[in-house]
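Q: In the working numbering, the protein residues as written are 1 to 340.
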Ligand SMILES: Cc1ncc(COP(=O)(O)O)c(C=O)c1O
């Protein structure tokens, strides 16, 4: 799809590889399993958000911004990558860390993404009220107003629904990349499994595939809210993408597949299936998963793979998040000592 009318900056190492997971496929005994390595997008430990930031920071540059603002969880990968992208483009970055996860150990508060935010020299703000998208956005806008009053030109990256989903364009584009790669290697994919958080990745990918008439099933794995709440969010994201692209949405309601089987006990909190998926992926494929997004996605993927027919080809999108491994050292180590 032609996205050239949207300002874009070059941040990601593309295309990312598609790799067969022969060891994991043999272990699971279901379909043929593949991974799309969007953990390898290059910038500051990589991840899915690098593709999204190409469009947000493109807009920021086009508007002459000198400072980027973003809000996210304490261990947010998006926040870390926004700070990295801003630095690369010579801008300042203010980040607001929301207390979404009741977890106070030193590693969570200081290591992983937080350490990287500090290394990147971002200005940190705290949003203590926990899960409250509208409140967090409001406080971020207040910080932006303060910066404007001080003569700066801030650009706010909005995450709540109701804003043009520029980030999703990164995944509309990725859909074309995947279709071209599959054609090159003769891979006829049946399904892609992807984390569904803000929904930009899930909706962008689904929109992009259907716009190319590719009928690969896309299953979103809920990591932040239930499937009942995520479904209308993905539907409206798709409508917002259509409005942004000034075209009809090719996505039907029946294209939206979600599972919240791995959500419990909640955002940023591990369960046994995702801990097991983390060690299995490391020990079979040397893949490093993050506890918040990709471990839960892999756990759902494995559940799906076990039910697949041997001839089916399934792909998981590795969306990165690996620095968070170090923030969850306590939980991961305790799992390892139990397994030993
Ligand atoms: C590693 C990782 N995977 C997946 C997601 C979810 O992507 P989206 O917010 O586009 O749904 C995020 C979001 O922050 C993430 O950091």
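Where a beta carbon is used, it is the ideal one built from N, C-alpha and C, also for glycine.
Count Cβ pairs between the region 123-142 and the region 29-36 that sit closer than 8 Å; are there 3 or more?
A: no
Q: Which residues in the same chain have their Cβ closer than 7 Å to the Cβ of residue 262, if we skip the five residues on either side of it in sequence?
A: 221, 271, 273, 274, 296, 299 and 300
Q: Confirm the yes/no value for this check: CB of residue 202, any heavy atom of ligand 1, distance under 7 Å.
A: yes
Q: Residue 416 bridges to which residues according to DSSP?
A: Missing from the structure shown is residue 416; the chain here goes from 1 to 340 and no further.
Q: Cβ of residue 293 versus every heavy atom of ligand 2: is any distance shorter than 7 Å?
A: Of the ligands one can find in the structure shown, namely ligand 1, none is ligand 2.
Q: Following the continuous alpha helix (DSSP H) through residue 202, name the residue where it begins and the one where it ends.
A: 200-211
Q: If you draw a straight line from the C-alpha of residue 112 to the C-alpha of residue 42, how long is it?
A: 17 Å
Q: Compute every distance between the C-beta of residue 195 and the non-hydrogen atoms of ligand 1, then say whether any falls below 7 Å.
A: For residue 195, the CB falls within less than 7 Å of some heavy atom of ligand 1.
Q: Any beta carbon of chain B sitting closer than 8 Å to that of residue 62?
A: Looking at the structure shown, chain B is missing, and only one protein chain is on hand.
Q: So, is residue 338 buried or exposed, given that buried needs 16 or more other C-beta atoms within 10 angstroms?
A: exposed
Q: Can you tell which of 115, 232 and 151 has its C-alpha closest to the C-alpha of residue 161?
A: 232
Q: DSSP three-state label for residue 370, please.
A: Nothing can be reported for residue 370: it is not among the residues displayed for the chain, which extend from 1 to 340.
Q: Look at residue 236 and residue 242 and say whether their C-beta atoms are less than 8 Å apart.
A: no
Q: Classify residue 167 as buried or exposed, calling it buried when 16 or more other Cβ atoms lie within 10 Å of its own Cβ.
A: buried
Q: Would residue 210 be called buried (16 or more neighbouring beta carbons within 10 Å of its own) or exposed?
A: Buried, because 16 or more other Cβ atoms sit within 10 Å of the Cβ of residue 210.
Q: Name the DSSP bridge partner or partners of residue 299?
A: Paired residues: none, contrary to the question.
Q: Measuring CB atoms only, is the region 20-32 touching the region 303-322, in the sense that at least three cross pairs come out at less than 8 Å?
A: A contact is defined here as three or more CB-CB pairs under 8 Å, and the region 20-32 meets this definition with respect to the region 303-322.
Q: Since residue 278 contacts residue 219 with CB under 8 Å, what's their CB separation in whole angstroms?
A: Actually they are not in contact, since the Cβ atoms of residue 278 and residue 219 sit about 19 Å apart, beyond 8 Å.
Q: Does the count of Cβ pairs from the region 282-292 and the region 322-333 closer than 8 Å reach three?
A: yes
Q: Which residue spans inside the region 71-125 form an unbroken alpha helix (DSSP H) run of at least 4?
A: 77-88, 106-110 and 112-119
Q: Who are the near neighbours of residue 107 in its chain, counting only those whose CB is closer than 8 Å to its CB and skipping five residues on each side?
A: 326, 327, 328, 329 and 330
Q: Between the Cα of residue 24 and those of 333, 318, 302 and 335, spot the shortest distance and give me the residue it belongs to.
A: 302
Q: CA-CA distance, residue 201 and residue 207?
A: When rounded, the distance between both Cα atoms is 10 Å.
Q: Taking the C-alpha atoms as reference points, what is the distance between residue 283 and residue 26?
A: 13 Å
Q: List the whole-angstrom C-beta distance separating residue 313 from residue 187, where the pair is believed to meet the contact cut-off of C-beta under 8 Å.
A: Contact holds; Cβ gap of about 6 Å.
Q: At what residues does the beta strand (DSSP E) containing residue 217 begin and finish?
A: Taken as a continuous stretch (DSSP letters only), the beta strand (DSSP E) holding residue 217 covers 217-222.
Q: Return the residue from the list 50, 173, 45 and 115 that minimises the CA-CA distance to residue 2.
A: The residue among 50, 173, 45 and 115 with its C-alpha nearest the C-alpha of residue 2 is 173.
Q: Measure from the alpha carbon of residue 253 to the alpha carbon of each residue in 245, 239, 246 and 266, then state which is nearest.
A: 239
Q: What residue does the beta strand (DSSP E) around residue 192 start on, and which one ends it?
A: The continuous beta strand (DSSP E) containing residue 192 extends over residues 191-196.
Q: Just to confirm, does residue 236 get its C-beta within under 7 Å of one of the non-hydrogen atoms of ligand 1?
A: no
Q: For residue 4, is the beta carbon positioned less than 7 Å from some heavy atom of ligand 1?
A: Because no heavy atom of ligand 1 lies under 7 Å away, the Cβ of residue 4 does not count as near it: no.
Q: Cα-Cα, which of 120, 216, 151 and 157 is closest to residue 138?
A: 157
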